[in-house]
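These protein sequence lines map, in sequence, to chains Y and S. Residue numbering for the first sequence follows our numbering, starting at 1 and increasing by one per position. Residue numbering for the second sequence follows our numbering, starting at 1001 and increasing by one per position. First up is the structure itself, then whatever we jot down about it.
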Amino acid sequence: MIKDIGYLEILKTNPGSSIQDLGRIGLGKWGIPISGVMDQRSYQWLNHLLKNNPNAAILEILQPGFKCSFDSFTTIGLAGAQAEVKKNGELILSSIIKIKPGDKLEIGRFILGSILYLGIAQGFQMEEILDSRSFYPKITAPSMLSKGEKIPFFTNQSEASETFSSVKTKSDWFQNKSLTVYPGPDFDSLSSESQTSLLESDFTISTLANRMAFQLEELMPNSIPERMTAPVYPGTIQLTSGGKLIILMRDAQTTGGYPRILQLAEDSISILAQKKPGHHIRFHLKNFD
Amino acid sequence: MRPSLRQISPFILELYWEETPSDELLEELISWELAIKTQFEGEVREIRKGFQTLSCLVKNQLNPDAMKTWSRFLESKIKRSPLPNTLWEIPVCYDPEMGKDLIDLSRALSLDPEKLIELHSGPTYRIHFFGFLPGFMYLDGLDPQLHCPRKSVPDRKIDPGSVAIGGSQTGIYPTESPGGWHVIGKTPIPLFDKNEHPPVFAKPCERIQFYPITKDEFDQIAEDLKPSKKS
């Protein structure tokens, strides 16, 4: 198959739009974060719908007010947040959309969820840096998409003859308040009162929530001393000396010195990624068999 | 000295030690790191180090059987891997213009700035691992006279190349970032290059030493490191 290049041009975007795949695994030894899509569950579903490679790069959109155009034939797909999406001014209801040269796509209001994924047949073809296309400051330039940016993809020069299922993606799973956690190395150092309140109270996502970490509003009493710097991962929940709970997300640094009290299950990271400041969560402890 | 094992998530496990960080502990860590790479080749996707921890991200979910295999492996006798002798000399300009907290910190520690510089550039430091930021080295070997609390209010912006002290540690900021350590100088040497593989020049377990340079020397080195223009 001839792989000609087509381009998606960004006509309008708010801060936070980026290209992501599964990120950089194996480079933590140089202090390089894993990065990658915030909500892996929606990402995997989307690449599955598009019959893509499981690591195909997609566009991660964190805010409404996004507009782009295409200069070639392709097929795109949407997953994650439920949003008002229009193609050439007309409301789109399907998850899979066939694209012709000159088509314009507009993302309006988010109805449910906070991250929308725009995938494309065969994935976006940005340059790979250190084994990944995932944006990350100081590693990729740019580290965020802006107006005028052109993102390459492979086009087949004619309308896609392949049929894609036109299912409507379900997204009620991320309304779940309960997040599955495993006990972290410092969980046992918490007092039994702290353990109880950690597992039996609701917590609120604060406005300090980004690709690096989600901080919670409620404070927890903490008498655990700071630890020797140790590895941390997306999903690690730290308790700072001031009693703040910090849930590390995909762009998290590779090591940290705060006590590690819990670790989120992989699917719960995806659920959390779709939540907004003000939303409530509750931790559900699961032990290893 | 023997590691204990704990599970962090269905795909992450950790070997950990209670001993205080030292060259001996580091040698123990890298010996186990090599043994893991040999024994679990293809199964371990990433190994990360902390001062007392070695963590492994694995491909297949860690069920009870897999954990038993790991426990048994930790009982085995492994080959020692000695630490390398490589020593990197890193030029640092300790001029207060580049080390904006040098004067305040020397006052807080009741030391002359000259004494502080001498104590900082005297020892050799061992790189235990990289973390925090891409290319940031965790170093062991700071003189206890230079230990000091981190800033209560972190700086919003620290220049790349800044050499700083925080708690019982010293380090170099490879890229611009916020930071809570006291900046005492700056190196003109780039610490992280995303276009290189590996993107850093020094490796974990190697040693570094800082040597003082003047502002003129700093400018000269910075100039020499610029890509030369073909006439």
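Don't be surprised by glycine CBs; every beta carbon is placed ideally from N, CA and C. Fair warning: this is a prediction, and the values are worked out from it, not measured in the lab.
Met1137 (chain S) - DSSP class collapsed to helix/strand/coil: Against the second sequence, residue 1137 (chain S) aligns to sequence position 137. DSSP places Met1137 (chain S) in strand when its eight states are reduced to three.
Ile1090 (chain S) versus Val1163 (chain S) - alpha carbon distance: Numbered from its first residue, the second sequence carries residue 1090 (chain S) at position 90. Numbered from its first residue, the second sequence carries residue 1163 (chain S) at position 163. About 10 angstroms.
Inter-residue CB distance, Phe124 (chain Y) and Ile99 (chain Y) (contact presumed, cutoff 8 angstroms): Locating residue 124 (chain Y) in the first sequence gives position 124, counting from the first residue. Locating residue 99 (chain Y) in the first sequence gives position 99, counting from the first residue. Not a contact, Cβ separation roughly 13 angstroms.
Bounding residues of the alpha helix (DSSP H) (the contiguous stretch that carries Ser1055 (chain S)): In the second sequence, residue 1055 (chain S) corresponds to position 55, counting from 1. Per DSSP, Ser1055 (chain S) belongs to no alpha helix (DSSP H); it is in the beta strand (DSSP E), Thr1053 to Val1058.
Straight-line gap, Asn47 (chain Y) to Ala57 (chain Y) (C-alpha atoms, nearest Å): As a working note, residue 47 (chain Y) is residue 47 in the first sequence. As a working note, residue 57 (chain Y) is residue 57 in the first sequence. Near 9 angstroms, if we compare the C-alpha coordinates of Ala57 (chain Y) and Asn47 (chain Y).
Cβ of Pro33 (chain Y) within 9 angstroms of any chain S Cβ: On the first sequence, residue 33 (chain Y) is found 33 positions in, with the first residue counted as 1. Yes - at least one Cβ of chain S is within 9 angstroms of the one on Pro33 (chain Y).
Backbone CA spacing between Pro1096 (chain S) and Glu1217 (chain S) [nearest angstrom]: Counting from one through the second sequence, the residue named residue 1096 (chain S) turns up at place 96. Counting from one through the second sequence, the residue named residue 1217 (chain S) turns up at place 217. Roughly 15 angstroms between the two C-alpha positions.
Cutoff 6 angstroms; reference Pro1134 (chain S); Cβ partners in own chain excluding five residues on either side: Within the second sequence, numbered from 1, the residue matching residue 1134 (chain S) stands at position 134. Contacts found: Phe1192.
Cut-off 6 angstroms between Cβ atoms - residues of its own chain near Gly65 (chain Y), not counting five sequence neighbours on either side: Within the first sequence, numbered from 1, the residue matching residue 65 (chain Y) stands at position 65. Excluding residues within five positions, the ones whose Cβ falls inside 6 angstroms are Asn14.
Contact set for Gly1122 (chain S): own chain, Cβ-Cβ below 8 angstroms, skip 5 residues either direction: The residue labelled residue 1122 (chain S) in the question sits at position 122 within the second sequence. Excluding sequence neighbours, Gly1122 (chain S) sits near Asp1143.
Environment of Met1001 (chain S) [buried if 16+ CB atoms lie within 10 Å]: Indexing the second sequence from 1 puts residue 1001 (chain S) at position 1. So Met1001 (chain S) counts as exposed.
Rounded distance between the beta-carbons of Met228 (chain Y) and Gly1050 (chain S), thought under 8 angstroms: Numbered from its first residue, the second sequence carries residue 1050 (chain S) at position 50. Numbered from its first residue, the first sequence carries residue 228 (chain Y) at position 228. At roughly 7 angstroms, the Cβ-Cβ gap stays under 8 angstroms, so Gly1050 (chain S) and Met228 (chain Y) are in contact.
Length at least 3, wholly inside the segment 9–83 of chain Y: the beta strand (DSSP E) runs in chain order: Counting whole runs of 3 or more residues, the segment 9–83 of chain Y contains the beta strand (DSSP E) stretches 18–20, 58–61 and 66–70.
Residues near Leu1083 (chain S) in its chain [Cβ-Cβ closer than 8 angstroms; skip 5 each side]: Looking up residue 1083 (chain S) in the second sequence gives position 83. Hits under 8 angstroms: Asp1023, Leu1026, Glu1027, Ile1030, Arg1126 and Cys1205.
Buried/exposed call for Ser1071 (chain S), threshold 16 Cβ in 10 Å: As a first step, residue 1071 (chain S) is located in the second sequence; it is residue number 71 there, counting from the start. Answer is exposed; the Cβ neighbour count stays below 16.
Close-in-space but distant-in-sequence residues of the same chain around Thr1214 (chain S) (CB under 8 angstroms, 5 per side omitted): Numbered from its first residue, the second sequence carries residue 1214 (chain S) at position 214. Within the same chain, Thr1214 (chain S) has close Cβ partners Cys1093 and Asp1095.
Phe203 (chain Y): first and last residue of the uninterrupted alpha helix (DSSP H) it sits in: Position 203 of the first sequence, counting from 1, holds the residue named residue 203 (chain Y). That residue, Phe203 (chain Y), is in no alpha helix (DSSP H); its beta strand (DSSP E) goes Phe203 to Ala209.
Ile247 (chain Y) beta carbon less than 9 angstroms from that of Leu219 (chain Y): For the purposes of this step, residue 219 (chain Y) is taken as the residue at position 219 of the first sequence. For the purposes of this step, residue 247 (chain Y) is taken as the residue at position 247 of the first sequence. Taking 9 angstroms as the Cβ cut-off, Leu219 (chain Y) and Ile247 (chain Y) do not qualify as a contacting pair.
Start and end residues, alpha helix (DSSP H) containing His279 (chain Y): Counted from its first residue, the first sequence places residue 279 (chain Y) at position 279. From DSSP, His279 (chain Y) is part of no alpha helix (DSSP H); its letter is neither H nor E.
Distance CB(Glu149 (chain Y))-CB(Ile10 (chain Y)) smaller than 9 angstroms: Position 149 of the first sequence, counting from 1, holds the residue named residue 149 (chain Y). Position 10 of the first sequence, counting from 1, holds the residue named residue 10 (chain Y). Yes.
Below-9 angstroms beta-carbon distance, Phe1132 (chain S) vs any chain Y residue: The sequence position of residue 1132 (chain S) within the second sequence is 132, counting from 1. So, interface residue.
Any chain S beta carbon closer than 9 angstroms to Asp21 (chain Y): The count along the first sequence starts at 1 and reaches residue 21 (chain Y) at position 21. Answer no: the Cβ-Cβ gap between Asp21 (chain Y) and chain S never drops below 9 angstroms.
Secondary structure of Phe1201 (chain S), DSSP reduced to three states: Here residue 1201 (chain S) refers to the residue found at position 201 when the second sequence is read from its first residue. Phe1201 (chain S) falls in the coil class under three-state DSSP.
Rounded distance between the beta-carbons of Ser72 (chain Y) and Thr155 (chain Y), thought under 8 angstroms: Here residue 155 (chain Y) refers to the residue found at position 155 when the first sequence is read from its first residue. Here residue 72 (chain Y) refers to the residue found at position 72 when the first sequence is read from its first residue. Thr155 (chain Y) to Ser72 (chain Y), Cβ: 4 angstroms. Contact.
Anticipated Cβ contact below 8 angstroms, Trp1032 (chain S) with Ala1202 (chain S), distance rounded: Against the second sequence, residue 1032 (chain S) aligns to sequence position 32. Against the second sequence, residue 1202 (chain S) aligns to sequence position 202. Between the beta-carbon of Trp1032 (chain S) and that of Ala1202 (chain S) there is about 21 angstroms, and that puts the pair past the 8 angstroms contact cut.
Own chain partners of Thr374 (chain Y) with C-beta closer than 6 angstroms, once the 5 adjacent residues on each side are dropped: Within the shown structure, residues of chain Y are numbered from 1 to 289, placing residue 374 (chain Y) beyond reach of any answer.
Limits of the alpha helix (DSSP H) - the one that Glu1223 (chain S) falls within: To locate residue 1223 (chain S), count along the second sequence from 1; it is residue 223. Per DSSP, Glu1223 (chain S) belongs to the alpha helix (DSSP H) from Lys1215 to Leu1225.
Under 9 angstroms between C-beta atoms of Gln20 (chain Y) and Phe110 (chain Y): For the purposes of this step, residue 20 (chain Y) is taken as residue 20 along the first sequence, with counting starting at 1. For the purposes of this step, residue 110 (chain Y) is taken as residue 110 along the first sequence, with counting starting at 1. No, the Cβ-Cβ distance between Gln20 (chain Y) and Phe110 (chain Y) is not below 9 angstroms.
Proximal residues of chain S, C-beta to C-beta of Pro185 (chain Y) below 8 angstroms: Counting from one through the first sequence, the residue named residue 185 (chain Y) turns up at place 185. Simply Arg1006, Ile1008, Glu1014 and Tyr1016.
Contact set for Tyr1016 (chain S): own chain, Cβ-Cβ below 7 angstroms, skip 5 residues either direction: The residue you call residue 1016 (chain S) lines up with position 16 of the second sequence. Closer than 7 angstroms at the Cβ level, and outside the excluded window around Tyr1016 (chain S), lie Pro1003, Ser1004, Arg1006, Gln1052 and Thr1053.
Near-chain S residues of the segment 111–139 of chain Y - C-beta to any C-beta below 7 angstroms: If the cut-off is 7 angstroms between Cβ atoms, the segment 111–139 of chain Y has Ile129, Leu130, Lys138 and Ile139 near chain S.
Partner residues on chain Y for Tyr1138 (chain S), Cβ-Cβ distance less than 7 angstroms: Here residue 1138 (chain S) is taken as the residue at index 138 of the second sequence, counted from 1. What Tyr1138 (chain S) touches in chain Y: Thr229.
The segment 1038–1050 of chain S: positions lying closer than 8 angstroms to chain Y by Cβ: Arg1045, Glu1046, Ile1047, Arg1048, Lys1049 and Gly1050
Closest residue to Lys1037 (chain S) among S:Thr1086, S:Asp1155, S:Ser1081 and S:Glu1018 (Cα-Cα distance): Stepping through the second sequence from its first residue, residue 1037 (chain S) is reached at position 37. Cα-wise, what sits closest to Lys1037 (chain S) is S:Ser1081.
Continuous beta strand (DSSP E) stretch holding Arg1072 (chain S): start and end: Working through the second sequence from its first residue, we reach residue 1072 (chain S) at position 72. It is not in any beta strand (DSSP E) - Arg1072 (chain S) instead sits in the alpha helix (DSSP H) that spans Pro1064 to Glu1075.
Span of the alpha helix (DSSP H), counted from its first residue to its last, around Ser223 (chain Y): Taking the first sequence and counting its residues from 1, the one referred to as residue 223 (chain Y) is at position 223. Counting along the chain, Ser223 (chain Y) falls outside any alpha helix (DSSP H), and DSSP gives it neither H nor E.
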